[in-house]
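Heads up, the thing below is written out as structure tokens.
There are 2 protein chains.
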Amino acid sequence: MDLQSLGKLAKEASYELAITGSEKKNAALEAIALALEANQDKIVSANKEDIQAGKEAGLTEALLDRLLLDETRLAGVVSDVRSVIKLDDPVGEEFDGKLLENGLKLSKRRVPIGVIGVIYEARPNVTIDIAVLSLKTGNACILRGGKETIRSNIVLVEVIQAALKSVGLPETSVQYIKSTDRALVGELLKMDDYVDMIIPRGNAGLQKFCKENSNIPVIVGGIGVCHLFADKSVDQEKALAIVANAKVQRPTVCNALETLLVHQDIAEEFLPKLHAHLAPMGVTLIAEEKAKAILGDKATLAEAGDFDREWLCLNLGVKVVADFHEAIMHIRTHSSGHSDGILTNDFTIANKFINVVNSAAVYINASTRFTDGSQFGLGAEVAVSTQKLHARGPMGLQELTTYKWIGIGENLIRP
Amino acid sequence: MDLQSLGKLAKEASYELAITGSEKKNAALEAIALALEANQDKIVSANKEDIQAGKEAGLTEALLDRLLLDETRLAGVVSDVRSVIKLDDPVGEEFDGKLLENGLKLSKRRVPIGVIGVIYEARPNVTIDIAVLSLKTGNACILRGGKETIRSNIVLVEVIQAALKSVGLPETSVQYIKSTDRALVGELLKMDDYVDMIIPRGNAGLQKFCKENSNIPVIVGGIGVCHLFADKSVDQEKALAIVANAKVQRPTVCNALETLLVHQDIAEEFLPKLHAHLAPMGVTLIAEEKAKAILGDKATLAEAGDFDREWLCLNLGVKVVADFHEAIMHIRTHSSGHSDGILTNDFTIANKFINVVNSAAVYINASTRFTDGSQFGLGAEVAVSTQKLHARGPMGLQELTTYKWIGIGENLIRP
Chain A
201 MDLQSLGKLA KEASYELAIT GSEKKNAALE AIALALEANQ DKIVSANKED IQAGKEAGLT
261 EALLDRLLLD ETRLAGVVSD VRSVIKLDDP VGEEFDGKLL ENGLKLSKRR VPIGVIGVIY
321 EARPNVTIDI AVLSLKTGNA CILRGGKETI RSNIVLVEVI QAALKSVGLP ETSVQYIKST
381 DRALVGELLK MDDYVDMIIP RGNAGLQKFC KENSNIPVIV GGIGVCHLFA DKSVDQEKAL
441 AIVANAKVQR PTVCNALETL LVHQDIAEEF LPKLHAHLAP MGVTLIAEEK AKAILGDKAT
501 LAEAGDFDRE WLCLNLGVKV VADFHEAIMH IRTHSSGHSD GILTNDFTIA NKFINVVNSA
561 AVYINASTRF TDGSQFGLGA EVAVSTQKLH ARGPMGLQEL TTYKWIGIGE NLIRP
Chain B
201 MDLQSLGKLA KEASYELAIT GSEKKNAALE AIALALEANQ DKIVSANKED IQAGKEAGLT
261 EALLDRLLLD ETRLAGVVSD VRSVIKLDDP VGEEFDGKLL ENGLKLSKRR VPIGVIGVIY
321 EARPNVTIDI AVLSLKTGNA CILRGGKETI RSNIVLVEVI QAALKSVGLP ETSVQYIKST
381 DRALVGELLK MDDYVDMIIP RGNAGLQKFC KENSNIPVIV GGIGVCHLFA DKSVDQEKAL
441 AIVANAKVQR PTVCNALETL LVHQDIAEEF LPKLHAHLAP MGVTLIAEEK AKAILGDKAT
501 LAEAGDFDRE WLCLNLGVKV VADFHEAIMH IRTHSSGHSD GILTNDFTIA NKFINVVNSA
561 AVYINASTRF TDGSQFGLGA EVAVSTQKLH ARGPMGLQEL TTYKWIGIGE NLIRP
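So, in structure tokens, the structure goes:
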């Protein structure tokens, strides 16, 4: 596996993609959609081998389900590709244009970033997602999926490359690191001559590894330790519905709720209601001491570190706070900066909350589950960024672009 | 030097700055301006000690001049502070606001980044610049200047801190790493719990060190290997003026010209003119073989690596290219992505150039010297970014901010 020459080829492909118009890029995406349909049997059969190997390796049912790419799911993926075709291409937009006093006609033009390296786990549909969103925005990409789906991914990338070739675009626009050697991830992170951005889509360990070992800018994200604060003025019935939605709808995703902070003035009344509402849904309350004192054996006492965990299951941390200030201090200390919200009917407190809390998404009286590219109307989602530079929160097509300044003069020198 | 507690204090200060209004931030800047005036003697005297130590250490006259902060220069710095007061505060702006079909009122709000770490060299005015631009945008900062100006910098930061205290803002909003121990830079780069962005302002070695050792996003920049391509259709007289401006006006800065590419059809005629125009200004032409063959002993033959160097002096690389394509290939290989331009009267070629070249700033018939915050009308400049994420080219106040998504619902759950 010669990663350097793979990087060089990706960079060269990126130069061609950068000057490819929307029509041709969309033709490439349609060719990919058709090729995925035409190669359905090959893809599904490679996936079956992955599933079989996963079973032999003793993977859990939940993980095996994430690996699965059957006919139905593949049809869904193809339909997603066609949705991306319909989205506007952000590349080429000019903005902040002005004629300066010094005579320079200046503007910013939106351009592709170049080469995007994506390291991800498990789900093979990510392979198609990332390839398609990168191509739509004129970026080349280098993909590195998990070892559990390597057979599926290799076939998928072959199909994509053949489709690219059929429309006259470089096959090297989408490349896959076919070895499961972990050292290659470390090598990829050092290839700043060829790769412009790294997106790790995976657990906290992968995020940390990329942050600490990359010479290339890394979009850290997808780790959600999310909070809701039920203020004393909250409409308790509505709060129960929002908390249930945030916790139960899809507990394994990053915008699911980890911790509910409850104002002490309502804790005695609200916490038993909370338990009555959530217990039938399978939720276990993990309570700090004050909440535990109220809930008794309806809750498990929280251990050290519990309030820093992304649960990814039906556990819910519960903590009684003395006031707004204590709620803010808790969020500041424990939030991963993904999504945090307040449930309140007090206008002043609500405003204060959105002024003070600095997470990628801050909510008043809404579920944290809204932090999502499609919910936000972005049409697509590459990742959810929890860092502060370049992009925050759900990243759509625009976040796969950068800009360049264009200055036009009539033979202009600086005075 | 306990860098961890310094970082913690900066983070805490950043929370307060983030909710401080423009009026109070401007009052702090005016207090700083007044304090710099009131402490002029103390500052100038500390700077004299730095200059004396520099002389004893055998620093060059050019470097000693960069260290100098006398009464006149300090007055200039104070005047710059008052200019920043007059600029609009980007913090708090809301944009991309929309009411989504799912009922969520969504917008992005511009907010401070948090804590900015800046590592810089030589010039003590950078201490004031960075502190003032950070405060204006509600960011705390941790500064680490060069050892040559440590006495000046310590006094400047003391003056700033006293001014902050006088208006009731945390002194820890601006902190200085008072030790010259190089290991502390490495430690700062790992403090991702407290620092949100690193800006290295210095030579290529510092930039590389930060990129390779930081867990925190780094804004790489300020290294300019800049090109102009004189196409065959160029107005030669005007081209001479632009090339002279780009090379000679201020050869030690990053937007100065490194390399002139000349179309072979005009090389025989243009290169001797170029020499006649630039030689009296002290420029030495460093030519590749074809250009050397034309220029003879009017040029020095380029050595390996010369076309990758940022000259920072009156040398100018000169290369004859066969056509547009060869010019582009040279720029792709050797440009640092700072500023590159074409000199031409051919509309099609000009357009092709700005489409194909992906540098932070791309010019048609204008000097590379325009790549500058004040020339671009940004009012201020924190750094010139040559990387592609977050900000490209001159970074003004807005580039010291990020955004958060604000979602407001009437007790809204995700369907």
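Read top to bottom, the protein sequences are chains A and B. If you're matching positions, the first sequence starts at 201 in the numbering used here and goes up one per residue. If you're matching positions, the second sequence starts at 201 in the numbering used here and goes up one per residue. Ideal Cβ placement from N, Cα and C applies to all residues, glycine included.
Runs of the alpha helix (DSSP H) spanning 4 or more residues and lying entirely within the stretch 247 to 276 of chain B occur at 261 to 267, in chain order.
Judged by beta-carbon spacing, residue 399 of chain A lies within the 8 angstroms limit of residue 316 of chain A, meaning their Cβ atoms are closer than that value. Looking at A/212, A/602 and A/571, the one whose alpha-carbon comes closest to that of residue 304 of chain B is A/571.
The beta carbon of residue 320 of chain A does not come within 8 angstroms of any beta carbon belonging to chain B, so the residue lies off that interface. Leaving aside the five residues that flank residue 377 of chain B on each side, the residues in its chain whose CB is nearer than 6 angstroms to its CB run, in chain order, 344 and 384.
One finds 215, 218 and 219 in chain A with Cβ atoms closer than 9 angstroms to the Cβ of residue 556 of chain B, taken in chain order. By the neighbour-count definition (other C-beta atoms within 10 Å, threshold 16), residue 454 of chain A is a buried residue. Around the C-beta of residue 382 of chain A, fewer than 16 other C-beta atoms lie within 10 Å, and the residue is accordingly described as exposed. For the stretch 568 to 591 of chain A, the set of positions with a beta-carbon nearer than 7 angstroms to some beta-carbon of chain B reads 569, 570, 575, 576, 577, 587, 588, 589 and 590 in chain order. In this model, residue 242 of chain B and residue 556 of chain A are separated by some 39 angstroms (Cα to Cα). Interface annotation, residue 438 of chain A: in contact with chain B, CB-CB separation under 8 angstroms.
Residues of chain A with a Cβ closer than 8 angstroms to the Cβ of residue 294 of chain B do not exist, since the nearest Cβ in that chain sits about 11 angstroms away.
For residue 559 of chain B, the residues of chain A that pass the 8 angstroms Cβ criterion are 604, in the order they occur in the chain. Under DSSP, residue 426 of chain B forms a beta bridge with B/457. The DSSP-derived three-state label of residue 587 of chain A is coil. In the three-state scheme derived from DSSP, where H, G and I count as helix and E and B as strand, residue 559 of chain A is classed as coil. Per DSSP, residue 307 of chain A is one residue of the beta strand (DSSP E) stretching across 305 to 312. With 16 or more other Cβ atoms inside 10 Å of its own Cβ, residue 417 of chain B counts as buried.
A distance below 6 angstroms between beta-carbons, with the five flanking residues on each side excluded, links residue 608 of chain A to the following residues of its chain, in chain order: 305. Taking 8 angstroms as the cut-off, the beta carbon of residue 586 of chain B is found closer than this to the beta carbon of residue 536 of chain B. A direct Cα-Cα distance of roughly 9 angstroms separates residue 530 of chain A from residue 521 of chain A. Under the rule that a run must span 4 or more residues, the alpha helix (DSSP H) segments found entirely inside the stretch 511 to 557 of chain B read 524 to 534 and 547 to 556. According to the DSSP secondary-structure assignment, residue 294 of chain A is paired through a beta bridge with A/309.
Close partners of residue 302 of chain B in chain A (Cβ separation under 9 angstroms): 570, 575 and 577. If you keep only unbroken alpha helix (DSSP H) runs of at least 4 residues inside the stretch 312 to 386 of chain B, you get 325 to 336 and 350 to 366. Annotated three-state conformation of residue 401 of chain B is strand, per DSSP. With distances taken between CA atoms, residue 518 of chain A lies nearest to A/487 out of A/584, A/487 and A/410. Closer than 8 angstroms to the CB of residue 411 of chain B there is at least one CB belonging to chain A.
Collapsing the DSSP output to three states places residue 566 of chain B in a strand. If you check the CB distance, residue 562 of chain A and residue 219 of chain B do not come in under 8 angstroms.
Residue 442 of chain A has a beta carbon lying within less than 8 angstroms of a beta carbon in chain B. The beta carbons of residue 374 of chain B and residue 331 of chain B sit closer together than 8 angstroms. Against residue 595 of chain A, chain B offers no close residue; the least beta-carbon distance is about 12 angstroms (beta-carbon pairs closer than 9 angstroms). The Cβ of residue 207 of chain B sits no closer than 8 angstroms to any Cβ of chain A. When Cβ pairs closer than 8 angstroms are counted between the two stretches, the stretch 360 to 375 of chain A is seen not to touch the stretch 306 to 325 of chain A, the count staying below three. Residue 611 of chain A: member of the beta strand (DSSP E) spanning 601 to 612, first to last residue.
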